[in-house]
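Quick notes on the structure that follows.
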Amino acid sequence: MAYITKEQLKERLGDTLYARLTDREAGTTIDDAVGQRIVDDAEALANGQLARRYATPIDLATHPELADVLTARVLDLAEYRAWRDSPFVNDVPERIRFLYEDAMRWFSAVAAGQLDLPASSPPASRTAVDDSPRYVSHPRKFTEQELDGL
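With the sequence shown counted from 1, adding 61 to any position gets you my numbering.
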């Protein structure tokens, strides 16, 4: 399940700015394919952070209380990515850069266990099952001192 849609990104930016940031040819026409790639990249970045602690993607149907917080943070990531990747923009505005950095700090804190997702029941967590063989060595029966001279 997606955290955001390209329509939400378009609504946040407005049609004119969305066209400027998604059109790679002239910066005047909306390109929804580019908009979808921006959304997918932002969600992948969020899932990459969340996957260190939770099973991803977080199921918003099971945890609807997380929709608002994840939507806001992933939109921050997507907006930054749209500005950064546009060939018609020289520099990302400071406000957008701050929102991106704040979102990344938040995702990092959640991934590190410093913050919990505000869910009524915790999302599925990653369980590390190590089924690899285990090797245990026993102490030596004959030490170097016992074998002195042999």
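Every residue, glycine too, gets a C-beta built ideally from N, C-alpha and C.
Between which two residues does the alpha helix (DSSP H) carrying residue i extend?
| i | result |
| --- | --- |
| A105 | D93 to L111 |
| R81 | D76 to T83 |
Helix, strand or coil: how does DSSP classify residue i here?
| i | result |
| --- | --- |
| E68 | helix |
| E205 | coil |
| Y196 | coil |
| S186 | strand |
| S169 | helix |
| L176 | coil |
| E162 | helix |
So residue i packs on residue j, CB below 8 Å; how close in whole Å?
| i | j | result |
| --- | --- | --- |
| E126 | P179 | 7 Å |
| A107 | V130 | Not confirmed; about 11 Å, so no contact. |
| I157 | V100 | With 8 Å as the limit, I157 and V100 do not qualify as a contact, their Cβ atoms being about 16 Å apart. |
| D92 | R85 | 7 Å |
| G88 | F149 | 4 Å |
Please say whether residue j and residue i have beta carbons closer to each other than 8 Å?
| i | j | result |
| --- | --- | --- |
| T83 | G96 | yes |
| R113 | A185 | no |
| A63 | E104 | yes |
| V54 | R166 | Here the chain covers residues 62 to 211 and nothing more, so residue 54 does not appear. |
| L70 | A164 | no |
| S147 | R81 | yes |
Margin query: Ignoring anything shorter than 3 residues, give me the beta strand (DSSP E) runs that lie fully in the segment 108 to 156, in order along the chain.
Written below: DSSP runs (the beta strand (DSSP E)) wholly in the segment 108 to 156: none.
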